[in-house]
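The C-terminal residue of the sequence shown carries number 1496 in the numbering used here, and the numbering is unbroken.
Idealized CB from N, CA, C, for every residue including glycine.
Only a predicted model underlies this, so the values are computations on that prediction, with no experimental measurement involved.
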Amino acid sequence: MFRLCTLACLLAAPASESTTSTPTDEVQVTTIDGRSLRGRLRRLDAEVVEIETKEKREQLPAHDLLSLDRIGADIAAASEPMDPPESAKPTTILLADGSRLRATRFALADQEATITLASGQTLRVPRELIAALLFGEGTNAIARWQRRGLAERDADTLIVVREGVSHEITGGVNALDEEALHFSLDGEEIPVPKERLHAVYLKGPEIDVRSQASLRDRDGNHWRVRELTFREGRLHFAIAPEVAVELPLERTVRLDFSGDRIRFLSDLDPTVVQHTPFFDVVWPVHRDQNARGEALRVAGQAFGKGLLVHSRTVLEFDVTGDYRVFEAALGIEESAGPFGDAMVRVGLDGRQLREWRIKAGEAPVNISVEIAGKQRMTLEVDFGLGLDVGDYVVFGNARIMK
1095 MFRLCTLACL LAAPASESTT STPTDEVQVT TIDGRSLRGR LRRLDAEVVE IETKEKREQL
1155 PAHDLLSLDR IGADIAAASE PMDPPESAKP TTILLADGSR LRATRFALAD QEATITLASG
1215 QTLRVPRELI AALLFGEGTN AIARWQRRGL AERDADTLIV VREGVSHEIT GGVNALDEEA
1275 LHFSLDGEEI PVPKERLHAV YLKGPEIDVR SQASLRDRDG NHWRVRELTF REGRLHFAIA
1335 PEVAVELPLE RTVRLDFSGD RIRFLSDLDP TVVQHTPFFD VVWPVHRDQN ARGEALRVAG
1395 QAFGKGLLVH SRTVLEFDVT GDYRVFEAAL GIEESAGPFG DAMVRVGLDG RQLREWRIKA
1455 GEAPVNISVE IAGKQRMTLE VDFGLGLDVG DYVVFGNARI MK
């Protein structure tokens, strides 16, 4: 009897462990000014995002959003998805709006492409929206291939690999099925086996590439989305133009709303850098972290983006384009100690515009400077009343915006 009980215990299913699961609709929202809010997503559209926290429901204007991350999603894995075995490598598809999709199946016929994604969803997209196809390639070559796919849309072009050598052929793409690409060359149609194809670039017109946000999902797809809404656990959006897509929120990794309307200064290279130390010690400019490699922090407030600049330093940035305002939060970095005292000046096109005195221990000073129609913006951190002791000034979330 003892042996029978022992066997029964060994064969029985193990007791489930008590786990605390994260709801699939739990997200973290980050705003342009650096504020973060975590809770369950209840509404998202062109006007408002609504988050339900443990205490209450809170609404934020949609135009203030910087990013929305689904809690528990693996952002790094979705950014660079693992390449499958050679026999199962997907076709990577570049759309003319900049979206990049990984398809398990792809067909082209009668001026329409049929795309089957890893999730099982099937999209039907007009041929003119397909900019390029990449076959059996790892992620390292995608950036170079994508730049060409969007820049050169004046002819159908094949990149064919034979005996390890790539050959470029211009002609006409008629169709693509499971076995071959049907290609017109000098008046004849030639079936090109898919295993010989490296890339295909398709001729097409210029289209409106404006989007509301970029979206990364668990399958490694990068979508440029517009008309974005959230309802009943699913994101609904369109890709350029008028192709409707649904995606369960649980398959989402990140929504990035910055696009080209926001540029953080820590992501830009200044056109001029002038550093004049008080003594002989050189103090470099740091991006997105302090001198110890930690998050930038002023009086208890942390900043995920920004510059750390020591006195006396002058930086100049190119702000040409449609940018209308420069915003940042100024303060002395906590790690610099209690003695920092510096002057900060902002100038435009060679003329000083604004000046602030920044002291250690004080709360961040939020600044906003109109830059519409200007070309050069100068940031100066100068010595204050304490020589250069502790003069490490944070430009928290420093950004130019359209």
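Status (buried if at least 16 other CB within 10 Å, exposed otherwise) for residue i
i	result
residue 1460	exposed
residue 1306	buried
residue 1138	buried
residue 1493	buried
residue 1170	A caution first: residue 1170 carries a pLDDT of 42, below 50, which makes its placement in the model too unreliable to give a value.
residue 1399	buried
residue 1436	buried
residue 1373	exposed
residue 1325	exposed
residue 1259	exposed
residue 1279	exposed
residue 1458	buried
residue 1263	exposed
residue 1450	exposed
residue 1340	exposed
residue 1474	buried
residue 1375	exposed
residue 1485	buried
residue 1226	buried
residue 1193	buried
residue 1346	buried
residue 1163	buried
residue 1405	buried
Element boundaries [beta strand (DSSP E), containing residue i]
i	result
residue 1479	Careful: residue 1479 lies outside any beta strand (DSSP E) and carries neither H nor E.
residue 1376	Neither: residue 1376 is in no beta strand (DSSP E) and is coded neither H nor E.
residue 1208	1206-1211
residue 1190	Note, residue 1190: premise wrong, no beta strand (DSSP E); not H, not E.
residue 1066	In the structure as shown, the chain starts at 1095 and stops at 1496, and residue 1066 therefore has no counterpart that could be examined.
residue 1494	1486-1495
residue 1396	1395-1397
residue 1388	Premise fails: residue 1388 is in no beta strand (DSSP E) and is neither H nor E.
residue 1352	First-last for residue 1352: undefined, no H or E at that position.
residue 1133	1130-1138
residue 1164	1159-1164
residue 1144	1142-1146
residue 1122	1120-1125
Residue i (DSSP reduced to helix, strand or coil)
i	result
residue 1171	For residue 1171, the predicted structure reports a pLDDT of 43, less than 50, and the residue's modelled location is therefore unreliable. The matter cannot be settled from this model.
residue 1430	helix
residue 1221	helix
residue 1361	helix
residue 1197	strand
residue 1344	helix
residue 1416	coil
residue 1226	strand
residue 1203	strand
residue 1037	Given a span of 1095 to 1496 for the chain in the structure shown, any question on residue 1037 remains unanswerable.
residue 1156	helix
residue 1250	strand
residue 1333	strand
residue 1483	coil
residue 1214	coil
residue 1318	strand
residue 1149	coil
Residue from the options whose Cα sits closest to the Cα of residue i
i	options	result
residue 1368	1408, 1422, 1271	1408
residue 1298	1304, 1436, 1248, 1120	1248
residue 1329	1336, 1311, 1335	1311
residue 1468	1450, 1444, 1482	1444
residue 1219	1228, 1212, 1229, 1195	1195
residue 1380	1423, 1359, 1340, 1322	1359
residue 1166	1150, 1122, 1200, 1143	1122
residue 1291	1185, 1452, 1356, 1205	1185
residue 1161	1338, 1363, 1348, 1207	1348
residue 1155	1149, 1142, 1309, 1146	1142
residue 1304	1164, 1350, 1191, 1136	1191
residue 1352	1125, 1200, 1266, 1205	1125
residue 1321	1308, 1327, 1315	1308
residue 1344	1370, 1319, 1313	1313
residue 1331	1376, 1465, 1217, 1134	1217
residue 1395	1129, 1119, 1118	1129
residue 1250	1295, 1386, 1434, 1268	1295
residue 1427	1256, 1479, 1414, 1403	1403
residue 1433	1134, 1477, 1148	1477
residue 1495	1421, 1441, 1455	1421
residue 1413	1472, 1255, 1197	1472
residue 1210	1203, 1197, 1222, 1456	1197
residue 1366	1149, 1397, 1411	1411
Next item on the list: List in chain order: all unbroken beta strand (DSSP E) runs of 3+ residues lying wholly within the region 1257-1310.
Entry: 1259-1270, 1274-1279, 1282-1287, 1291-1295
Item checked: Whole beta strand (DSSP E) elements within the region 1434-1476, 3-residue minimum -> 1435-1442, 1445-1453, 1459-1464
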